[in-house]
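>
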Amino acid sequence: MTHAPEPLEGAPLIAPSTTDHPLYDSVVEACRSVYDPEIPVNIYELGLIYTIDISPENEVKVIMSLTAPGCPVAGEMPGWVADAVDPIPGVKQVDVDLTWEPPWGMDMMSDEARLELGFM
1 MTHAPEPLEG APLIAPSTTD HPLYDSVVEA CRSVYDPEIP VNIYELGLIY
51 TIDISPENEV KVIMSLTAPG CPVAGEMPGW VADAVDPIPG VKQVDVDLTW
101 EPPWGMDMMS DEARLELGFM
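Going by the UniProt record's numbering, 31 is the number at position 31 of the sequence shown; the sequence numbering is gapless.
1) Round the Cβ separation of L46 and M109 to the nearest angstrom and send it over; I've been treating them as touching at under 8 Å.
2) Are L48 and I88 close, meaning C-beta to C-beta below 8 Å?
3) Can you have a look at W100 and say buried or exposed, based on whether 16 or more other CB atoms are within 10 angstroms of its CB?
4) Where T19 and C71 are concerned, what is the direct C-alpha to C-alpha distance, given to the nearest angstrom?
5) Tell whether a beta-carbon distance below 8 Å holds between N42 and V91.
6) Is the beta carbon of P40 less than 8 Å from the beta carbon of E116?
7) Does H3 pass the burial test, meaning 16 or more other C-beta atoms within 10 Å, or should it be called exposed?
8) Which residue wins for smallest C-alpha separation from A15, given the options V28, D53, R32?
What follows is the structure, encoded as structure tokens:
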């Protein structure tokens with residue numbers, strides 16, 4: 001029985017995004033068009049998009065979380081993200097994965113989100 005390798009000491013819990021890919025900014029904008037119905041801030045500014053990984057073949061993988069596991073739209077939100085990213089010209093394929101590690105926290109919100117929600 002093989003065990004998954006232990007995460008490297010000091011490795012980030014959230015994998016880095018492919019920020020230098022030409023499609024990255026378009027994917028971020030698409031993510032900004034998706035809102036949690038209970039919060040008037042888009043999911044990107046809320047910090048729910050953990051990783052945007054774009055392959056050289058323009059296959060997009062989004063790793064995201066939710067504000068809480070019991071979120072009423074938990075089953076739907078990844079589909080909303082995929083529907084927002086899929087029409088971007090050049091995108092070959094979109095996969096959206098939900099993760100609960102690390103758990104989302106209010107410290108992951110952008111300053112814009114904190115301002116909008118009255119935390120600043």
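Using N, Cα and C, we set each Cβ at its ideal position, and we do this for glycine too. Bear in mind the structure is a predicted one, so any value in this text is a computation, not a measurement.
To lay it out plainly:
1) 6 Å
2) no
3) exposed
4) 29 Å
5) no
6) yes
7) Its pLDDT being 49, under 50, H3 is placed unreliably by the model, and the measurement read from it follows with that caveat. The residue is exposed, with fewer than 16 neighbouring Cβ atoms inside 10 Å.
8) D53
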